[in-house]
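Visitor: Be aware that the sequence shown starts at 1, since it is given in this note's numbering, and climbs by one per residue.
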Amino acid sequence: MRPLVSIYIPVRNRPELLSETLNAIQAQSWHDWECWIVDDASTDHTFEVIQSFERRDARFHGLRHTESRGDAAASNTALQHLRGAYAARMDSDDVPLPDWLAVGMDFARSFQGVAFGCQAELFGAVADLRMAKAKETDPLRWQAWSLFNDENYHSGLIFRRDVQQAAALSYRALTVNNDWDFIHRLAQHGAVANLADMLVRIRRHADNSTRAAIMREDRDSVSVAIRRSLLVERLGIIPSDETMLLHCTAYPAPYWQFADQAYVWLRRDDYPARLAAWLQQLLAANSARGYPYDPTVLRAVLLDELLPGATAHWRALPATPPPTFKMDWLPD
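Okay, here's the thing in structure tokens:
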């Protein structure tokens, strides 16, 4: 009998943390699940941990790459084996709370969209990645904020398998943010939202993949490219690199303040006026394209929330920057 939910986890060289994750999955109050764990050619005893869970619970299934091909490839291997009507993503170092699937499946009964996530508690030694706002629960607000921000935690994401399969969606082998890219492409096929409940604990630590790539992210320009593609595809705007920097600093990730160019741009006296003009351009483009974004919601997000927040951030900037890297997608 096929389970309703198929959980999938890519992993490499994390035996102890994976064990904690799998124990939390086994403790779920919702029992109609299977879990596929793909070991991306670990060089330690990670796969033995997976095998130990297979022996104790037939709902666990382990697969192994003979050579390391990366997180995206491991995720795609898992997607090929899932049997459930819903797929649920969990990272190998995160911990779902006991009611993650129960609350999620109750929500799925009435949700008309393609995917949803949840709120998360961030824990661990690294504190500089804590988010400034909750992930959006309303699909229209999710859509508006997604122009500027990744509005889902990847751990805890649940999506409809029929939509993913019909669209032939898979993970792309990006240096970072292949999860955000995947969700962005999934959102082209229906509404995305988040539960208001905090249902996952997300670990921030020194070897966390997000943390390890923090200095590469904007150098590789992946997060910038995702935002840029939304502007092009949805609003018909082809922004310059300088305009993209203005766009990205409107809702900066916690590490943007450490970028040389971002800091210099933010310190310009005309920053609030230039940002306000850019946001008005987005509203005009939305109108010209026949309102792919709800105009009332978009205006409220841009002018009532984003602009005041960015202006407050600008006013609070220190007199001297703490730059640690340059963003290679911009000229020197």
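We treat Cβ as the ideally placed atom computed from N, Cα and C, and that holds for glycine.
#1: For D44, name the three-state secondary structure that DSSP assigns.
#2: Do I9 and V38 come within 9 angstroms of each other at the CB atom, strictly closer than that value?
#3: Who are the near neighbours of V103 in its chain, counting only those whose CB is closer than 7 angstroms to its CB and skipping five residues on each side?
#4: Which residue from F116, S146 and R64 puts its Cα closest to that of R234?
#5: Comparing C-alpha positions only, which one of P295, P3, N76 and E305 sits nearest to A168?
#6: Tell me the DSSP bridge mates of F159?
#7: Apart from the five residues just before and just after Q26, which ones in its own chain have a Cβ nearer than 7 angstroms to its Cβ?
#8: When you compare the region 96 to 113 with the region 175 to 183, are there three or more beta-carbon pairs, one atom per stretch, that lie closer than 8 angstroms?
#9: Tell me, which residues are paired with N194 by DSSP?
#10: In terms of residue numbering, what span does the beta strand (DSSP E) encompassing L63 cover?
#11: Tell me, please, whether the CB atom of R89 is closer than 9 angstroms to any CB atom in chain D?
#12: Pairs of beta-carbons, one from the region 142 to 161 and one from the region 63 to 77, closer than 8 angstroms: are there three or more?
#13: Given a cut-off of 9 angstroms on the beta-carbon distance, is the pair Q165 and L186 in contact?
#14: Quick one: give me the first and last residue of the beta strand (DSSP E) that S6 is part of.
#15: Does the Cβ of P139 have 16 or more other Cβ atoms within 10 Å, making it buried, or fewer, making it exposed?
#16: Identify which residue in L282, A285 and H313 has its Cα closest to the Cα of A262.
#17: Are the Cβ atoms of L231 and I238 separated by less than 9 angstroms?
#18: What's the call for D335, buried or exposed, on a 16-neighbour Cβ count within 10 Å?
#19: How is P292 classed by DSSP in three states: helix, strand or coil?
#20: How far does the beta strand (DSSP E) with I37 in it reach, from first residue to last?
#21: Determine the burial state of D339: buried for a count of at least 16 other Cβ atoms within 10 Å of its Cβ, exposed for fewer.
#22: Going by the beta-carbon positions, is the gap between V192 and A85 smaller than 9 angstroms?
#23: If we ignore side chains and look at the alpha-carbon of each, how far apart do D106 and C118 end up?
#24: Helix, strand or coil for G236, going by three-state DSSP, please let me know.
#25: If distances are taken between C-alpha atoms only, which option among T311, L122 and F182 comes closest to I202?
#26: Where do the ends of the alpha helix (DSSP H) carrying N149 lie?
#27: With a 10 Å radius around its C-beta and 16 neighbouring C-beta atoms as the bar for buried, classify S110 as buried or exposed.
#28: Once DSSP output is grouped into helix, strand and coil, what is the label at R185?
#29: Pick from L245, R141 and D71: whose alpha carbon is nearest that of R267?
#30: With a cut-off of 8 angstroms on the beta carbons, I'd call L157 and R89 a contact; round off their distance for me.
#31: Quick one: Cα of E393 to Cα of D94, how far?
#32: Note down the Cα distance separating F116 from G70, rounded to an integer number of angstroms.
Guide: A quick look at the data gives this:
#1: Within the sequence shown, the letter at position 44 stands for residue 44. If DSSP states are grouped into helix, strand and coil, D44 belongs with coil.
#2: Reading the sequence shown from its first residue, position 38 is the one you call residue 38. Reading the sequence shown from its first residue, position 9 is the one you call residue 9. In contact: V38 and I9 (Cβ atoms closer than 9 angstroms).
#3: Within the sequence shown, numbered from 1, the residue matching residue 103 stands at position 103. So the list reads L195, D197 and L199, once near-sequence residues are dropped.
#4: Reading the sequence shown from its first residue, position 234 is the one you call residue 234. Comparing Cα-Cα distances from R234 to each of F116, S146 and R64, the minimum goes to S146.
#5: Along the sequence shown, read from residue 1 onward, the residue named residue 168 stands at position 168. That would be N76, whose Cα lies nearest to the Cα of A168.
#6: As a first step, residue 159 is located in the sequence shown; it is residue number 159 there, counting from the start. Looking at the DSSP assignment, F159 forms a beta bridge with A87 and A115.
#7: If you number the sequence shown from 1, residue 26 lands on position 26. Cβ within range, chain order: D57.
#8: no
#9: Numbered from its first residue, the sequence shown carries residue 194 at position 194. Paired residues: G117.
#10: Indexing the sequence shown from 1 puts residue 63 at position 63. F60 to R64 is the extent of the beta strand (DSSP E) around L63.
#11: You won't find chain D in this structure, because it holds only one protein chain.
#12: no
#13: Counting from one through the sequence shown, the residue named residue 165 turns up at place 165. Counting from one through the sequence shown, the residue named residue 186 turns up at place 186. Result no, Cβ atoms of Q165 and L186 do not sit closer than 9 angstroms.
#14: Stepping through the sequence shown from its first residue, residue 6 is reached at position 6. That run of the beta strand (DSSP E) goes V5 to V11.
#15: Mapped onto the sequence shown, residue 139 falls at position 139. Classification of P139: buried, given that the 10 Å Cβ count is 16 or more.
#16: For the purposes of this step, residue 262 is taken as residue 262 along the sequence shown, with counting starting at 1. Looking at the Cα atoms, H313 is the closest of the given residues.
#17: As a first step, residue 231 must be located in the sequence shown, where it is residue number 231. As a first step, residue 238 must be located in the sequence shown, where it is residue number 238. Yes.
#18: The structure shown does not extend to residue 335, since the chain is modelled only from 1 through 332, so no value can be given for it.
#19: The sequence position of residue 292 within the sequence shown is 292, counting from 1. P292: coil per DSSP, three-state reduction.
#20: Locating residue 37 in the sequence shown gives position 37, where the first residue counts as 1. W33 to D39 is the extent of the beta strand (DSSP E) around I37.
#21: With the chain running from 1 to 332 in the structure shown, residue 339 is simply not present.
#22: Sequence index remark: in the sequence shown, residue 192 carries index 192 (1-based). Sequence index remark: in the sequence shown, residue 85 carries index 85 (1-based). No, these two residues do not count as a Cβ contact at 9 angstroms.
#23: Along the sequence shown, read from residue 1 onward, the residue named residue 106 stands at position 106. Along the sequence shown, read from residue 1 onward, the residue named residue 118 stands at position 118. Their backbone Cα atoms lie some 13 angstroms apart in a straight line.
#24: Locating residue 236 in the sequence shown gives position 236, where the first residue counts as 1. Looking at G236 - three-state DSSP - the assignment turns out to be coil, as it is neither helix nor strand.
#25: By 1-based counting over the sequence shown, the position of residue 202 is 202. Looking at the Cα atoms, L122 is the closest of the given residues.
#26: In the sequence shown, the residue the question calls residue 149 occupies position 149. Taken as a continuous stretch (DSSP letters only), N149 belongs to no alpha helix (DSSP H), as it is neither H nor E.
#27: Within the sequence shown, the letter at position 110 stands for residue 110. The C-beta of S110 has fewer than 16 other C-beta atoms within 10 Å across all chains shown, which makes the residue exposed.
#28: The residue given as residue 185 occupies position 185 in the sequence shown. Looking at R185 - three-state DSSP - the assignment turns out to be helix.
#29: As a position in the sequence shown, residue 267 is number 267, starting the count at 1. The residue with the shortest Cα to Cα distance from R267 is L245.
#30: Counting from one through the sequence shown, the residue named residue 157 turns up at place 157. Counting from one through the sequence shown, the residue named residue 89 turns up at place 89. Rounded, the Cβ-Cβ distance is 5 angstroms, consistent with contact.
#31: Here the chain covers residues 1 to 332 and nothing more, so residue 393 does not appear.
#32: As a position in the sequence shown, residue 116 is number 116, starting the count at 1. As a position in the sequence shown, residue 70 is number 70, starting the count at 1. Those two C-alpha atoms are separated by around 25 angstroms.
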